[in-house]
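Here our numbering is used: the first residue of the sequence shown is 6, the next is one more, and so on.
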Amino acid sequence: MEPVSLIVLLVMGTLAGAINAAVGSGSLLTLPVLLALGIPPGVAVRTNTIGILFSTFGSVYGYRREIAEEKGNLGPLMAVTAVCATGGALLLLISPTGALDVIVPLLIVFALGMVVFQKRITAALRSSQERRAARRAAGSTATAAAERGRGPVTAAGPALEGGAATEAGTDAIVGAASRSPYRSPGLIGTMGAASVYGGYFTAAQGILYLGVLGAFTGRSMRSVNSIKNLLSLIVNLAAATVYLIAHFVLGVEIVWLATAAIAVGALLGGYFGAHLAKRMPEWLLRGIIVAVALFALVRQIL
């Protein structure tokens with residue numbers, strides 16, 4: 006591989022690491038470059054995944070305090086994410102090379118759509134979640150009112166007084182509120198599906214995770230960004246482990262020089278570049294991602 010190509014990958018890896026820490030979708034900078042260098046799609050995805058893994062090490066370390074605050078609630082979510090990401094990586098290994106020539110351009114288009122329409126997708130998911138929460142709250146209120154009106158009969162015989170019913174209802178609401186949204190079955194199941202995509206393709210997975218986490222927790226993108234970075238680390242680590250085993254056992258190809266260039270840049274970008282990425286205008290970040298990805302897309306098609 007030529008020195009100029011390695012320098013380009015190093016620079017793109019640094020930018021990708023910074024973007025991953027702040028938003029996500031950094032692989033849409035590095036993966037298209039690998040494809041533009043003539044590396045086959047499957048090899049490019051594996052090479053990029055192992056290299057970009059180092060960006061998540063840096064970003065998770067930078068968010069270590071925020072992650073520590075939620076660590077007691079993340080066990081099931083982390084386990085499902087790891088298993089599903091492993092499945093996605095295995096799916097890439099068994100996908101025929103000819104199929105990848107068609108699938109990868111389609112996935113780039115899909116990832117680009119998530120980048121361009123991120124705000125609309127996130128708003129739609131959050132609106133749907135809020136409507137479901139409002140319906141559940143209305144149903145709980147109606148049930149509580151009915152119970153107060155007819156006085157529920159206990160096993161001991163006498164009906165509960167209105168005050169007792171109200172107190173029981175309040176306790177139930179407080180108990181529900183005390184449960185972490187990160188333990189929600191809906192969130193865990195949806196993140197499992199998203200992790201299959203992440204293990205298979207990696208590009209723009211962070212944006213997808215931000216949308217899912219924001220919608221199901223009701224929290225801002227900034228507040229769930231730490232957990233997004235942790236889950237991205239788990240997905241990339243699971244996929245990289247699969248690819249490394251396949252490389253040493255089955256001889257599956259990985260371009261190690263390209264991996265090293267991306268890894269060095271991604272590690273630096275993930276740790277030091279997050280603040281820069283957050284200060285860059287959003288239109289500039291999206292513009293760079295879209296331009297590079299479109300260039301690779303055109304090259305793939307032609």
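C-beta atoms are modelled at their ideal positions from N, C-alpha and C, and glycine is treated no differently. Values in this document were obtained by computation on a predicted structure and should not be read as measured data.
- [ ] Verify whether the separation of the beta carbon atoms of Val247 and Thr35 is less than 7 Å.
- [x] For Val247 and Thr35, no; Cβs fall outside 7 Å.
Task: Ser10 - DSSP class collapsed to helix/strand/coil - done: Taken through DSSP and simplified to helix, strand or coil, Ser10 comes out as helix.
Task: DSSP-derived helix/strand/coil call for Gly223 - done: Of the three classes helix, strand and coil, the one that applies to Gly223 here is coil, per DSSP.
Task: Separation of Thr148 from Val229, as counted between CA atoms - done: Taking C-alpha positions only, Val229 is separated from Thr148 by approximately 33 Å.
Task: Local conformation of Tyr214 per DSSP, three classes - done: Helix, per DSSP.
Task: Sequence-distant residues of its chain with Cβ nearer than 6 Å to Gly275 (five each side left out) - done: Taken in chain order, the residues that qualify are Gly22, Ala26, Ser60, Gly63 and Ser64.
TODO: Check whether the Cβ atoms of Thr52 and Ala263 lie closer than 7 Å to each other.
DONE: Contact: yes.
TODO: Report the rounded CA-to-CA distance for Ala73 versus Ala128, giving the unit in angstroms.
DONE: Going by the C-alpha atoms only, they are around 28 Å apart.
Task: Same chain, Cβ closer than 8 Å to Gly292, neighbours up to 5 away in sequence not counted - done: Once the five neighbours on either side are set aside, Gly292 has no close Cβ partner at all.
TODO: Determine the DSSP secondary structure at Tyr248, reduced to helix, strand or coil.
DONE: Reduced to three states, the DSSP call for Tyr248 is helix.
Task: Presumed contact (8 Å Cβ cut-off) between Leu79 and Tyr187, rounded CB distance - done: Between Leu79 and Tyr187 the beta-carbon gap is near 6 Å, inside 8 Å, which marks them as a contact.
- [ ] Grab the span of the alpha helix (DSSP H) containing Ala73 for me, first residue to last.
- [x] Per DSSP, Ala73 belongs to the alpha helix (DSSP H) from Arg69 to Glu75.
Task: Burial state of Ile57, where buried means 16 or more other Cβ atoms lie within 10 Å - done: Burial state of Ile57 is buried, judged by a 10 Å Cβ sphere holding 16 or more other Cβ atoms.
Open item on the list: Does Val303 come out as helix, strand or coil in the three-state DSSP assignment?
Closed with: Three-state result, Val303: helix.
Task: Neighbourhood of Val13 by C-beta, 7 Å cutoff - its chain only, sequence neighbours within 5 removed - done: Result list for Val13: Val38, in chain order.
Task: Proximity winner among Gly197, Leu238 and Ile259, relative to Cys89 (alpha-carbon distances) - done: Of the candidates Gly197, Leu238 and Ile259, Gly197 places its Cα closest to the Cα of Cys89.
TODO: Determine the extent of the alpha helix (DSSP H) in which Phe206 is found, giving its start and end residues.
DONE: Per DSSP, Phe206 belongs to the alpha helix (DSSP H) from Pro190 to Phe206.
Task: Leu289 to Gly203 span [Cα, whole Å] - done: Straight-line Cα distance between these residues: approximately 24 Å.
- [ ] Would you kindly report the start and end of the unbroken alpha helix (DSSP H) that includes Ile99?
- [x] Unbroken alpha helix (DSSP H) run through Ile99: Gly80 to Ile99.
Task: Sequence-distant residues of its chain with Cβ nearer than 6 Å to Ala94 (five each side left out) - done: The answer, listed in chain order, is Gly204, Ala244 and Val247.
TODO: Give every residue of the same chain whose Cβ lies closer than 6 Å to the Cβ of Leu238, excluding the five residues on either side of it in the sequence, and list them in chain order.
DONE: The answer, listed in chain order, is Thr61 and Val65.
Task: Burial state of Ser312 (16 or more Cβ within 10 Å) - done: There is no way to answer for residue 312, as the model of the chain reaches only from 6 to 307.
Open item on the list: Alpha carbons only, please: which of Gly18, Leu11 and Glu7 is nearest the one belonging to Leu273?
Closed with: The option with the nearest alpha carbon to Leu273 is Gly18.
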